[in-house]
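Below, the structure is given as structure tokens:
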């Protein structure tokens with residue numbers, strides 16, 4: 006067996022092990038939360054030894070970041086580009102909320118840990134999402150009939166309506182995703198009315 010061939014086999018095994026670790030971690034992060042998932046849990050599910058997991062991912066944050074894309078592939082969030090094609094701002098926001106809230110519900114355990122601003126460990130994960138959120142808020146705030154001086158306030162209202170934590174508070178009050186979306190749409194309409202009144 007030639008040396009290049011042996012190196013190719015070794016690289017394939019390494020990539021396969023890496024993939025199995027990421028798949029196992031991604032699954033456990035969404036069912037238990039990254040803060041409650043141990044290296045031993047991941048190793049057991051991936052079919053490797055704990056030191057192998059640590060060799061591939063020396064800390065929990067690097068593993069969570071590696072799991073973001075596979076996790077999004079397993080349960081993709083709705084596309085903001087599709088929302089941008091809806092001309093009416095109320096219909097656009099209603100569509101967005103009615104699509105994102107069920108996604109929040111399915112991924113509540115994972116998001117509840119990684120989006121917790123008091124959890125410094127996962128700050129790098131939140132930083133990855135900030136530009137995406139800013140892009141979404143811009144799309145959802147477009148076209149509302151408010152004066153230019155009220156745009157910042159409108160953006161805050163839209164951001165709150167879209168917020169995972171706003172959804173959590175409404176879900177914990179027993180609201181369905183549809184009812185929560187309707188209530189947040191009413192809130193934004195109220196802000197727009199107030200801004201128009203000056």
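Residue numbers (this note's numbering): 6 to 203. No residue lacks a Cβ here, since even glycine has one placed at the ideal position from N, Cα and C. The structure displayed is predicted, hence computed values, not measured ones.
{"query": "So what does DSSP say about residue 103, is it helix, strand or coil?", "result": "helix"}
{"query": "Look at residue 185 and residue 170 and say whether their C-beta atoms are less than 8 Å apart.", "result": "no"}
{"query": "Using 8 Å as the cut-off, can you tell me whether the region 48-61 makes contact with the region 84-94, which would need three or more C-beta pairs spanning the two stretches below that distance?", "result": "no"}
{"query": "Taking residue 46 as part of the alpha helix (DSSP H), name the residues at either end of that continuous run.", "result": "44-51"}
{"query": "Helix, strand or coil for residue 143 per DSSP?", "result": "helix"}
{"query": "Taking all protein chains shown into account, decide if residue 29 is buried (16 or more other Cβ within 10 angstroms of its Cβ) or exposed.", "result": "buried"}
{"query": "Around the C-beta of residue 34, are 16 or more other C-beta atoms found within 10 angstroms, so that it is buried, or is it exposed?", "result": "buried"}
{"query": "Taking all protein chains shown into account, do 16 or more other C-beta atoms lie within 10 angstroms of the C-beta of residue 198, making it buried, or fewer, making it exposed?", "result": "exposed"}
{"query": "Do you know whose CA, among 161, 151 and 190, lies nearest residue 202's CA?", "result": "151"}
{"query": "To the nearest angstrom, how far is the alpha carbon of residue 83 from that of residue 20?", "result": "30 Å"}
{"query": "Helix, strand or coil for residue 180? Go by DSSP, reduced to three states.", "result": "coil"}
{"query": "How many Å lie between residue 69 and residue 129 at the Cα?", "result": "10 Å"}
{"query": "Count the C-beta pairs between the region 185-195 and the region 101-120 that are closer than 8 Å, then say yes if the count reaches three, no if not.", "result": "yes"}
{"query": "From 18, 137 and 140, pick the residue whose C-alpha is nearest to that of residue 53; which is it?", "result": "18"}
{"query": "Please report whether the beta-carbon of residue 158 lies at a distance below 8 Å from any beta-carbon of chain D.", "result": "Of the protein chains in this structure there is only one, and it is not chain D."}
{"query": "Under a three-way DSSP split, which group does residue 84 fall into?", "result": "coil"}
{"query": "If I follow the unbroken alpha helix (DSSP H) through residue 157, where does it start and stop?", "result": "156-167"}
{"query": "From residue 109 to residue 122, what does the alpha carbon distance come to, in whole angstroms?", "result": "17 Å"}
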